[in-house]
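Residue numbers (my numbering): 4 to 268.
Backbone N, C-alpha and C define an ideal beta-carbon position, used for all residues, glycine too.
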Amino acid sequence: MPLKPSVLITGASTGIGAVYADRFARRGHNLVLVARDRARMEKLAERLRRETRVTVDVLQADLTDARDLAMVEARLRDDERIGILVNNAGIGAAGGFLDQSADDVTRVVNLNAMAPLRLAHAVAPRFAKAGGGSIINISSVVALAPELLGGSAVYGGTKAFVLFLSQGLQVELEPKGVYVQAVLPAATRTEIWERSGRDVTRLPAVIEVDELVDAALVGFDRREKVTIPPLPDADQWTVFEAARTAMIPNFNQVHAAARYRHVAA
Ligand code: NAP
Numbered sequence: 004m005p006l007k008p009s010v011l012i013t014g015a016s017t018g019i020g021a022v023y024a025d026r027f028a029r030r031g032h033n034l035v036l037v038a039r040d041r042a043r044m045e046k047l048a049e050r051l052r053r054e055t056r057v058t059v060d061v062l063q064a065d066l067t068d069a070r071d072l073a074m075v076e077a078r079l080r081d082d083e084r085i086g087i088l089v090n091n092a093g094i095g096a097a098g099g100f101l102d103q104s105a106d107d108v109t110r111v112v113n114l115n116a117m118a119p120l121r122l123a124h125a126v127a128p129r130f131a132k133a134g135g136g137s138i139i140n141i142s143s144v145v146a147l148a149p150e151l152l153g154g155s156a157v158y159g160g161t162k163a164f165v166l167f168l169s170q171g172l173q174v175e176l177e178p179k180g181v182y183v184q185a186v187l188p189a190a191t192r193t194e195i196w197e198r199s200g201r202d203v204t205r206l207p208a209v210i211e212v213d214e215l216v217d218a219a220l221v222g223f224d225r226r227e228k229v230t231i232p233p234l235p236d237a238d239q240w241t242v243f244e245a246a247r248t249a250m251i252p253n254f255n256q257v258h259a260a261a262r263y264r265h266v267a268a
């Protein structure tokens, strides 16, 4: 039984997920890599085994496919060595809402929202029973800013779901010893831009992927609930959260607010 928990990372064939794999391997964690491109994952696995001597398993899975998703859920449920889940796989869609087909938007929701939900749901009972374990959910700053990236209603909606899911799970699972972190990257140099038909060179600023993941892991080590690597002033998030939570007691009313109570003309 290794002292360090194994880490299952979705979307580990490239980009942010591949850097998480590299960093957790260097920290001495065994890995389970999940994505569709087996050859790319095998190449990464071979390098990490050679350089770090950890064990790396490759699980080829399309997380929008019901059978593949069930296979990854079963691995999370049954493999007691896995103590960290990184819900990272994600895609965007080209164009705006009016250009995107029903299949496009369904695929985005299935990969970015349904898969992390189902994988967290599969592993949470085991973590809660053990009184430990971590779930890292990769959201996005777009979750807070529908104005960003024109054409991000569906992508941003999935990322807002991941943020809310993370915060909701923190309420339920933290008392049981399970740590849940939401990571909100801003534009990061990976293939996601090209894959979703967007030109990364037109963005005003882009973070390199190694720097993004190293920063997110600082937040992980500090047990931050929400980590926004590019945000210079952490107090802005604190103030935002304080404004949100200040509303909560005011939702409990037996009447509609005065501004909605009027006599129809
Ligand atoms: P990326 O470089 O395009 O990598 C995406 C990963 O997801 C790949 O490993 C890909 O592997 C995997 N993937 C795609 N479709 C899949 C499917 N159907 N089933 C299983 N795996 C699938 O993207 P990235 O930038 O690293 O994105 C990682 C996460 O960060 C995403 O959730 C994204 O929304 C989020 N994020 C990225 C940025 C950014 O600017 N890059 C900003 C904010 C948030 P295969 O093709 O081999 O399946």
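Where M4 falls, given that 16 or more other Cβ within 10 Å makes a residue buried: Interpretation of M4 is limited by its pLDDT of 45, a score under 50 that renders its predicted location unreliable; no figure is taken from the coordinates.
Burial state of Y263 (16 or more Cβ within 10 Å): Residue environment for Y263: exposed (fewer than 16 other C-beta atoms within 10 angstroms of its C-beta).
Bridge partners - I87, DSSP secondary structure assignment: The partner list for I87 (beta bridge, DSSP) reads V10 and S137.
Runs of beta strand (DSSP E) wholly within the segment 153-217 (minimum 3 residues, chain order): 182-186
Stretch pair the segment 220-228 + the segment 182-196: three plus CB contacts closer than 8 Å: Counting C-beta pairs with one atom in each stretch, the segment 220-228 and the segment 182-196 have three or more that are closer than 8 Å, which means they touch.
Rounded C-alpha distance that separates A28 from L88: Distance between the alpha carbons of A28 and L88: 14 Å.
Minimum C-alpha distance to A69 - residue among G95, Q103 and M117: Per the Cα distances, M117.
Alpha carbon of S9 to alpha carbon of H258, nearest angstrom: Their backbone Cα atoms lie some 52 Å apart in a straight line.
For A261 and F254, the rounded distance between their alpha carbons: 14 Å
Bridge partner(s) assigned by DSSP for T230: V186
A38 CB to nearest heavy atom of the ligand NAP below 6 Å: yes
Length of the line joining the Cα atoms of A38 and A15: 6 Å
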